[in-house]
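Visitor: Would you mind keeping the following structure in view while I ask a few things?
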Amino acid sequence: MTTFRISEAAALLGVSADTVRRWVDVGRLPAERDEHGHRRVPGAELAAFVRDQAGGGAAPEPGERFSSARNRLRGIVTEVVRDGVMAQVEIQAGPFRLVSLMSREAADELGLRVGVVAEAVVKSTNVVVEVSDPG
C-alpha cells in the first residue's frame, strides 16, 4: 500500500506540513506510524480526503452553470497578452500555472486582466499521466 510522509501529503494538497499535522491530530486525516515512529498517510485515505475537500458531489447552487467538463482549477490571472485577434491568458491555480489561448474578443468579454479570479475549465480527450517510479 502506498503511504505518504506528512511533508509529501502537504505538497500534494498545497498546504503546509503543520496544517496536515493538525488535521491528523484532530482525526480529520488518518495516519499511521511507520517502524521509525513517523506518521504516514495511506494513499487511499489521502485520495478520499482530496475528493471530499473538492466537493465534487455537491448539488449545484441556484444559477450555477452546468458543464460536462469536470476538471476545474480556480486561480488568479497573472498575465494577459493581447494582440489584434488573439489573447494569451496565464492563470496561477495553487502551484499550477495554466496558459490559455483564446480570441481577444473572448478575453475582453470576460474582463480578463491581471488580478482577476478566474476558473480554468479543462476538457480534453488526451491527457498524459506520468509517475516517477511505478515500483
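Going by the UniProt record's numbering, the first residue of the sequence shown is number 1, and it counts up by one from there. A virtual CB, placed ideally from N, CA and C, is assigned to each residue, including glycine. Note that this is a predicted model, so its numbers are computed, not measured.
(1) How is L98 classed by DSSP in three states: helix, strand or coil?
(2) Within 10 angstroms of the Cβ of A48, are there 16 or more other Cβ atoms? Answer buried if so, exposed if not.
(3) So what does DSSP say about V20, is it helix, strand or coil?
(4) Going by other Cβ atoms of all chains shown within 10 Å of its Cβ, with 16 needed for buried, is F96 buried or exposed?
(5) At which residues does the alpha helix (DSSP H) containing E105 begin and terminate?
(6) Which residue comes first and which comes last in the alpha helix (DSSP H) that contains L13?
(7) Enumerate in chain order the residues of its own chain whose CB-to-CB distance from R5 is below 7 Å, with the five nearest sequence positions on each side excluded.
(8) So, are the CB atoms of R72 and V121 less than 7 Å apart?
(9) D52 to L29, Cα distance in whole Å?
Guide: According to the structure data:
(1) Reduced to three states, the DSSP call for L98 is strand.
(2) With fewer than 16 Cβ atoms within 10 Å of its Cβ, A48 is classed as exposed.
(3) Note: V20 maps to helix in three-state DSSP.
(4) By the C-beta density criterion, F96 is exposed, having fewer than 16 other C-beta atoms within 10 angstroms.
(5) Run containing E105: R104 to L110, per the alpha helix (DSSP H) assignment.
(6) Unbroken alpha helix (DSSP H) run through L13: I6 to L13.
(7) Residues H38 and R40 of the same chain have their beta carbon placed closer than 7 Å to that of R5, with the five preceding and five following residues left out of the count.
(8) In this structure, R72 lies near V121, with their beta-carbon atoms less than 7 Å apart.
(9) C-alpha separation (whole angstroms): 11 Å.
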